[in-house]
Amino acid sequence: MAETKGNRPTYATDFITTDIEKVTFFGNVHIDNMMTTLLAMGNELWVQRKRQHILEALLAEKGVKPEAIEKYVATPAQEQAWAKERDVLVARLWSHHDKNTGEYNFASDWNGK
Amino acid sequence: MSQLFNRRSMMGMAGGALSAASVLSSSHAHAKLKNDFEPRGGDGIWERLPSLNLEAYDEMSTSTRKWVNGALARAAQQRANELMVKNGMKPDQQISFEDASKLLSNDPIIAMRASSWQRLQWHMWQELKREFYDNYDAYMSEMEATDKTGPGTLELNPGIEPEYTKHEIHMQPGGYTGDPFAGHLYLYGTANFYVGQNYQDQGHAALAAAVPVPADGKVRRILDAGCSCGQQVVALKRRFPDAEVWGVDIGAPMVRYAHMRAVDNGVDVNFRHALAEKTGFPDGYFDIVTSYILHHEVTEQATYEIIRETSRVLRPGGVYFPVDVYTMPSRRVLDGTPMRRIQDWITSRWNHERWWYDYQRSDFLGEMQRSGFALNMDGPEASAYAVNLSQARARQTSGRPQALGDMSGQGGQKNIMGTKI
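Going line by line, the protein sequences match chains Y and F. Just so we're aligned: 65 in the numbering used here is position 65 of the first sequence, and the numbers increase by one with no gaps anywhere. Just so we're aligned: 185 in the numbering used here is position 72 of the second sequence, and the numbers increase by one with no gaps anywhere.
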């Protein structure tokens, strides 16, 4: 069924779900799963780099020097919030490892098409 | 029961009395509409992804896709060639899927290409979906606010979707019909697929520029069949500002989004939630019908029905310009080289192109002839990867090479077209 929140009309139908997450191309599902992890990590890395580029450019415009960033001490509330954010990141990077069973290889269902 | 929003009467339209449309240029900045959810603004027709994080995520995903489609794809092809030679065969020898699978599937570079491409695609969808569901109410309110406003019209017909349309094509969550944000997902997902070269719908503009006009030069009404999120419809209106332009698609969330995007950009076009094989328009209503990468998304039977329906709604002398993977005669060679065998299967099964083989085996040209079209095999140049056309034009203009990956560099190729007899 289509995912909805509340009673607003969505005009979405029920649909036939795929099982594409269950394939292994390497013959070992853990390697395929690692592929997703690494792709996600690469993306996350660039997100952070880009934000940092923007931030440091803005700070430089305001006269904040790089040394001030190096020496910054976080508050306990900041530490707590950042730890929570890291938990979300861990789930994003690793959650697919507990779902993909690798029960199909890539040629499953070929049946002489 | 049809839900009709801001729609002119069919009788009035069929009478042909159409007002000239107001079409804004591509440099138009987004209008500020009621409930407009546009936290980071737009650039031309492109509405920026709503968070810097997601935008950067998408950028990296796009860059990775270029590498996967380019250097990695070439390396995989090279490995396939080497393995063929090593086993006493020519690289382009035709072999069965079973033999190709046995020969190639254990190679790490070929596996890397397949796995990284597939995982990248799947992961992209999940990240986009997360964003839209995290801001569910804002996005829904935005669509609701434009459902009933113009310019242009939106018609929704809940419950008309046949079973074959309900698959998660391209792994898109919910497919074309089953997710409230199917249009949002499709636009941003395909922007990634087009490796960042279609933010201003350049590929669709190039395709619209290629569309042939009837011999008598009369273009009053145009239909884009299977219009998804409406990019081609908008591009056609920009080329033919005085024409009445329609898009139909079986994905109701698709046409809702298409309408909203057109309204947001002040483009007067019309969208109807309908099957391309059952559009509901009167006989002979259109001068031109287009379809872009539609036929490989439908069953063989549906393809035949769409061709017949297209013939019905075209007036004598009207033209049909279908652009898809094999509508360029030079590409209509279903070769059985090993990588092609493998890639076709991966595309069909693991990118969930559910009807890929239906399309391959269909007698497309035969059905066009049987349906009353005079075929021209040497029509305007087109491409099933639309940005190849816009990039080829950019190369002609600037003289600079462009790098898009393994689908690039082809430019356009002569496409078929049919004239209604």
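The beta-carbon is built from N, C-alpha and C at its ideal position, and this holds for glycine as well.
Could you check how far apart the C-beta atoms of residue i and residue j are, in whole angstroms? I think they sit under 8 Å.
{"i": "Ala499(F)", "j": "His317(F)", "result": "6 Å"}
{"i": "Thr412(F)", "j": "Asp471(F)", "result": "5 Å"}
{"i": "Tyr301(F)", "j": "Leu162(F)", "result": "7 Å"}
{"i": "Ala227(F)", "j": "Phe25(Y)", "result": "4 Å"}
{"i": "Pro366(F)", "j": "Gly296(F)", "result": "5 Å"}
{"i": "Ser164(F)", "j": "Glu268(F)", "result": "Ser164(F) to Glu268(F), Cβ: 33 Å. No contact."}
{"i": "Ile459(F)", "j": "Phe15(Y)", "result": "At roughly 22 Å, the Cβ-Cβ gap does not stay under 8 Å, so Ile459(F) and Phe15(Y) are not in contact."}
{"i": "Asp437(F)", "j": "Ala507(F)", "result": "The Cβ separation is near 23 Å, so there is no contact."}
{"i": "Leu93(Y)", "j": "Thr37(Y)", "result": "5 Å"}
Count the other CB atoms within 10 Å of the CB of residue i; is the residue buried (16 or more) or exposed (fewer)?
{"i": "Val180(Y)", "result": "The structure shown does not extend to residue 180(Y), since chain Y is modelled only from 1 to 113, so the question has no answer here."}
{"i": "Leu388(F)", "result": "buried"}
{"i": "Ser135(F)", "result": "Caution applies to Ser135(F), whose pLDDT of 31 falls short of 50 and renders its modelled position unreliable; the model cannot decide the point."}
{"i": "Ala12(Y)", "result": "buried"}
{"i": "Val88(Y)", "result": "exposed"}
{"i": "Leu55(Y)", "result": "exposed"}
{"i": "Ala75(Y)", "result": "Looking at the sequence itself, residue 75(Y) is Thr, so the reference to Ala does not match. It is exposed - the Cβ of Thr75(Y) has fewer than 16 other Cβ atoms within 10 Å."}
{"i": "Lys533(F)", "result": "buried"}
{"i": "Ala73(Y)", "result": "Going by the sequence as given, residue 73(Y) is Val instead of Ala. Exposed, since its Cβ has fewer than 16 Cβ neighbours within 10 Å."}
{"i": "Pro395(F)", "result": "exposed"}
{"i": "Lys113(Y)", "result": "exposed"}
{"i": "Arg351(F)", "result": "buried"}
{"i": "Lys242(F)", "result": "buried"}
{"i": "Ser95(Y)", "result": "exposed"}
{"i": "Met441(F)", "result": "buried"}
{"i": "Met173(F)", "result": "buried"}
{"i": "Glu67(Y)", "result": "exposed"}
{"i": "Leu336(F)", "result": "buried"}
{"i": "Asp381(F)", "result": "buried"}
{"i": "Trp426(F)", "result": "The identity of residue 426(F) in the sequence shown is Val, whereas the question assumes Trp. Looking at its Cβ environment, which holds 16 or more other Cβ atoms inside 10 Å, Val426(F) is buried."}
{"i": "Ile223(F)", "result": "buried"}
{"i": "Arg467(F)", "result": "buried"}
{"i": "Ala57(Y)", "result": "exposed"}
{"i": "Ile420(F)", "result": "buried"}
{"i": "Glu211(F)", "result": "exposed"}
{"i": "Asn383(F)", "result": "buried"}
{"i": "Glu103(Y)", "result": "exposed"}
{"i": "Asn200(F)", "result": "exposed"}
{"i": "His30(Y)", "result": "exposed"}
For a test of the three-state rule: what should DSSP assign to residue i, helix, strand or coil?
{"i": "Ala134(F)", "result": "Low per-residue confidence applies at Ala134(F): pLDDT is 31, beneath 50, and the placement is therefore not dependable, though the value from the model is reported in the following sentence. If DSSP states are grouped into helix, strand and coil, Ala134(F) belongs with coil."}
{"i": "Met256(F)", "result": "helix"}
{"i": "Gln526(F)", "result": "strand"}
{"i": "Glu3(Y)", "result": "coil"}
{"i": "Ala81(Y)", "result": "helix"}
{"i": "Tyr498(F)", "result": "coil"}
{"i": "Thr266(F)", "result": "strand"}
{"i": "Ala12(Y)", "result": "coil"}
{"i": "Ser484(F)", "result": "coil"}
{"i": "Trp94(Y)", "result": "helix"}
{"i": "Lys279(F)", "result": "helix"}
{"i": "Ser475(F)", "result": "coil"}
{"i": "Pro286(F)", "result": "coil"}
{"i": "Lys250(F)", "result": "Lys is not the amino acid found at residue 250(F); the sequence shown has Asp there. DSSP places Asp250(F) in helix when its eight states are reduced to three."}
{"i": "Leu407(F)", "result": "coil"}
{"i": "Val382(F)", "result": "coil"}
{"i": "Thr450(F)", "result": "coil"}
{"i": "Val115(Y)", "result": "What is shown of chain Y runs 1 to 113, which leaves residue 115(Y) out entirely."}
{"i": "Tyr398(F)", "result": "coil"}
{"i": "Trp468(F)", "result": "coil"}
{"i": "Val438(F)", "result": "coil"}
{"i": "Thr532(F)", "result": "strand"}
{"i": "Pro221(F)", "result": "helix"}
{"i": "Lys391(F)", "result": "strand"}
Taking CB distances under 8 Å as the criterion, tell me whether residue i reaches chain C.
{"i": "Ala169(F)", "result": "Any reference to chain C falls outside this structure, whose protein chains are Y and F."}
Under 8 Å: do the region 392 to 405 of chain F and the region 428 to 445 of chain F share three or more Cβ pairs, one atom per stretch? yes
Could you say if the region 182 to 193 of chain F and the region 451 to 462 of chain F meet the contact criterion of at least three C-beta pairs nearer than 8 Å? At 8 Å Cβ cutoff, the stretches touch.
Below 8 Å, can you find three or more Cβ-Cβ pairs linking the region 234 to 252 of chain F to the region 473 to 482 of chain F? Pairwise C-beta distances place the region 234 to 252 of chain F out of contact with the region 473 to 482 of chain F, as fewer than three of them are shorter than 8 Å.
Residue ranges of each alpha helix (DSSP H) run of no fewer than 4 residues wholly in the region 288 to 338 of chain F, ordered along the chain? 295 to 306, 315 to 323
Please list the segments of the alpha helix (DSSP H) lying wholly inside the region 23 to 76 of chain Y, counting only runs of 4 or more residues, in order along the chain. 29 to 61, 66 to 70
Considering only residues of the region 137 to 213 of chain F, which uninterrupted alpha helix (DSSP H) runs meet the minimum length of 4 residues and lie entirely inside it, listed in chain order? The qualifying runs are 165 to 180, 186 to 199.
Is the region 245 to 262 of chain F close to the region 370 to 379 of chain F, with three or more CB pairs under 8 Å? yes
With a threshold of 8 Å, are at least 3 pairs of Cβ atoms found where one atom belongs to the region 151 to 162 of chain F and the other to the region 178 to 189 of chain F? no
Between the region 318 to 325 of chain F and the region 277 to 297 of chain F, do three or more beta carbon pairs fall short of 8 Å? no
For the region 1 to 9 of chain Y against the region 280 to 294 of chain F, are there 3 or more C-beta pairs whose distance is under 8 Å? A contact is defined here as three or more CB-CB pairs under 8 Å, and the region 1 to 9 of chain Y meets this definition with respect to the region 280 to 294 of chain F.
What are the start and end residues of each continuous alpha helix (DSSP H) run of 4 or more residues lying completely inside the region 332 to 372 of chain F, in chain order? 344 to 352
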